[in-house]
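Top line first, the protein sequences correspond to chains R and E. Residues in the first sequence are numbered from -2 upward in steps of one, following our numbering. Residues in the second sequence are numbered from 326 upward in steps of one, following our numbering. The block underneath contains the structure these notes are about, expressed in structure tokens.
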Amino acid sequence: MYRNHKYFFPVLLILLVLVLLTAIAFGAVSIAVPDMFSAIQNWVHGKPPSNIYEGVFLQIRLPRVLLCMITGAVLSVSGVLMQGLFRNPIVEPGLIGTSAGAAFGASLVFVLSAGMSKEIQQIAGPLLVPLFAFAGGLLATFIVYSLAKGNKRMDVTTLLLIGIAVNAVGLSGTGFMSYIARDPQARSITFWNLGTFSGASWMQVWITAGIAAIVFFISLQYAKQLNTLVLGEEEANYAGVNTEKLKTRIMLLNTAMVSVATAFVGVISFMGLIVPHVMRLLIGGDNKKLLPASMITGAILLTLADMGARLLLAPAEIPIGIITSLVGAPIFVVLLKRTNILNNKGGGHD
Amino acid sequence: MIDVQAVSFRVKKKTLVNNVSLQIQPGEFIVVMGANGAGKSTLLKMIAGSLQPTSGLVFFNDKKLKEYTVEELAQKRAVLSQHYHISFPLTAREIVMMGRYPYFNHQPTHKDESIVNEALQRMQVQDLSDRDYNTLSGGEAQKIQMCRVLAQIGEISQDENKLLLLDEPVSHLDIKYQHQLLQQARSLCENKVAVLAVLHDINLSLKYADRILFMKDGLLIRSLSKNESIDAHLLKEVFDVDANVLTMPDGKGKFIVF
């Protein structure tokens, strides 16, 4: 069915590097390639940036582009994991409550810590925000999962409707937090709902990268087991997979990764949906190939979307979620229609 | 090798399987028959280990079934279920390779590849191997799933007892492949693999089974071995239809006409 694309991964990697360089170069301030190199040289030798371009590159552009790439990879890998787990191609963290729950958890800390002492505020940013985002994301995902599971058979319609309900609760919670916030920055509700990379910092890059690297590595170990889930849970069990253990682990890992990313950049919808879908069309459904392919492609596409967000209405900035939703929603509708047809034909048996 | 001791399975107030005991020897081909809702699949799932009996015990090679880990069990028994609906694009070969998953870590070995090839060849479906599983017909998909469980049984060594469980394995197959599939299962028996299959066709059962178990309302009402002859009373009791038991033209064995 699929030819063995020998050049698939090399081409993806070359694209990744090209997109990385382009995304760094273009923006409100353009940065030339020699400035990038001299900035890195100065940084390695512990010297301060020698001109404003180097400063912009090191302090603003580079962390932003890196955070964007990691987030794109995180959301896409999460899409693959969640779709494998729910055995359904239309699941993604934005639809099943993970993102909304995480955003609520993060906004809770963000707003409540504003009135507290300096010490608390200092640990709040890097530590408490991801932690609460994780708790919020996990709670929301768990509620959606267990309600949709109901009496053993997972019904897609139920899943989506419960997802809508839990999302609504999460978003109104976030909205309320923004409403009572004194800090004008926290009042910006668009940040949580539509996502932006404008506040990217090196701290956020390191935390997200660390967690993402661990989760990516572990996910690859589970790729084979995740494959067997397509046969159904009982059959996966017959094939030697402890499905309960697998589900719990994947869910925890995935939620940790998505929640932390969401805590820093807000809710970015549809990435986890589009990327795995396109990759399946190109290289098939084997998770061993699908996971790394989605990871790289996700990084590329979200970086391109962020360039769009920065450049389309420059010097103003569009929230990136608007762009991903505009592109993602039509694809989602097409997928939904195709899934329905499939279900009718195959009897939708789980 | 399999010792089922007085197992029952109840859901709420309904008893799906009621106090069933049976033994399976290595190399034996057992067919379970009965009307819809007689408890055949439930019994099969308890022997497979995916349903815990409400009461009673199942032993596999003298060890309690529930004391095996899923990983251990996957190398000793394979199960062909009734329905497979797959929501992602995977090739037929990728599905068959899943039968080898319990045996390798990341990349399939040469041995795994050759066992997969052999399974495809046994069911005569080599030309389906690169097709998208979702584009296969019901019968083709069933053959591919059979290949997967054949691959999972894999190599047979004389000192290891393996078990193959088939739940209505021929429901979508044409006559030729019904025999093809059951012959393949039968040939495993010659290598000491025990087979337990749920079938609806009494004539297929008579042809291939060493022993036929008849179930009704959760009870095991009769165990008919190959040298016992079948009678119309039994069929009336189990299926509630009037049947004629005829002798084969060659004088060996019986066949049933309804």
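Where a beta carbon is used, it is the ideal one built from N, C-alpha and C, also for glycine.
Proximity below 7 Å, CB of residue i to CB of residue j
i      : j      : result
A522/E : L488/E : no
N343/E : G543/E : yes
P90/R  : S75/R  : yes
V404/E : A373/E : yes
I500/E : I581/E : no
F349/R : G170/R : Residue 349/R is absent from the structure shown; chain R starts at -2 and stops at 347.
V16/R  : I293/R : no
N164/R : A220/R : no
V202/R : L63/R  : yes
G81/R  : G134/R : no
V26/R  : V53/R  : yes
V332/E : L545/E : no
Q509/E : R447/E : yes
F145/R : L136/R : Here the sequence assigns Ala to residue 145/R, which means Phe is not the residue at that position. No. Outside cutoff.
A20/R  : T300/R : yes
P312/R : A197/R : no
Contact set between residue i and chain E, taken where Cβ atoms lie within less than 9 Å
i      : result
G281/R : F413, P414, L415, T416, E419, D457
K221/R : M423, Y426, F429, N430, H431
P86/R  : S412, F413
N251/R : The contacting residues do not exist; N251/R stays about 17 Å from chain E at best.
N39/R  : What N39/R touches in chain E: nothing, since even the nearest Cβ is about 42 Å away.
Proximity winner among the options, relative to residue i (alpha-carbon distances)
i      : options                        : result
D437/E : G359/E, R418/E, M448/E         : R418/E
F384/E : Q446/E, Q330/E, M358/E         : Q330/E
A557/E : V566/E, S550/E, K551/E, L549/E : V566/E
S256/R : L64/R, P31/R, A132/R, M276/R   : A132/R
T95/R  : L298/R, I159/R, T300/R         : I159/R
Q598/E : Q470/E, Q400/E, N386/E         : Chain E is shown from 326 up to 583; residue 598/E falls before or after that span and cannot be answered.
S73/R  : A326/R, Y50/R, G295/R          : G295/R
Q483/E : T572/E, K401/E, K579/E, A534/E : K401/E
L10/R  : I49/R, I37/R, S47/R, M66/R     : M66/R
F354/E : T572/E, Y409/E, L490/E         : L490/E
D492/E : K468/E, Q348/E, L524/E, Y533/E : L524/E
A568/E : P574/E, L507/E, I555/E         : I555/E
L376/E : A326/R, A253/R, L323/R, E231/R : E231/R
S496/E : K468/E, S512/E, R511/E, G479/E : K468/E
D328/E : M371/E, V563/E, L571/E, V421/E : M371/E
Distance between beta carbons of residue j and residue i, contact taken as under 8 Å
i      : j      : result
G172/R : V264/R : At roughly 12 Å, the Cβ-Cβ gap does not stay under 8 Å, so G172/R and V264/R are not in contact.
N251/R : M79/R  : 6 Å
Y502/E : G463/E : Their Cβ separation, rounded to whole angstroms, is 12 Å, which puts Y502/E and G463/E out of contact at 8 Å.
F329/R : L270/R : 6 Å
T259/R : A162/R : 19 Å between Cβ atoms; not a contact.
A209/R : A70/R  : 7 Å
A306/R : P316/R : 7 Å
Q477/E : P427/E : 7 Å
T416/E : R456/E : 7 Å
C514/E : G352/E : 5 Å
N516/E : M326/E : In fact, because the Cβ distance is near 14 Å, the residues do not count as touching under 8 Å.
Contacts that residue i makes with chain R (C-beta to C-beta distance below 8 Å)
i      : result
Q508/E : Correct list: empty, because the minimum Cβ distance to chain R is about 23 Å.
S375/E : E231, N234, Y235
9 Å Cβ cut-off: residues of chain R touching residue i
i      : result
E396/E : G237, V238, N239
Q477/E : Y235, A236, G237
A399/E : N234, Y235, A236, G237, V238
Neighbouring residues, chain E, relative to residue i (Cβ below 8 Å)
i      : result
V227/R : I411, S412, F413, L415
E232/R : V404, S406, Y409
Contacts that residue i makes with chain E (C-beta to C-beta distance below 7 Å)
i      : result
N224/R : M423
Handout entry: contact_flag[the segment 289 to 300 of chain R, the segment 6 to 24 of chain R] where n(CB pairs < 8 Å) is 3 or more
Key = yes
Exercise for the section: Answer yes if the segment 383 to 401 of chain E comes into contact with the segment 353 to 368 of chain E, meaning at least three C-beta pairs across the two stretches below 8 Å, and no otherwise. Expected result: no
Practice task
Would you list, in chain order, the members of the segment 263 to 279 of chain R that have their beta-carbon closer than 7 Å to a beta-carbon of chain C?
Solution key: Looking for chain C here will not work: the only protein chains present are R and E.
Handout entry: Any 3 or more C-beta pairs closer than 8 Å across the segment 525 to 539 of chain E and the segment 347 to 366 of chain E
Key = yes
Problem - Cβ contact (3+ pairs, closer than 8 Å) linking the segment 320 to 335 of chain R and the segment 36 to 44 of chain R - result: no
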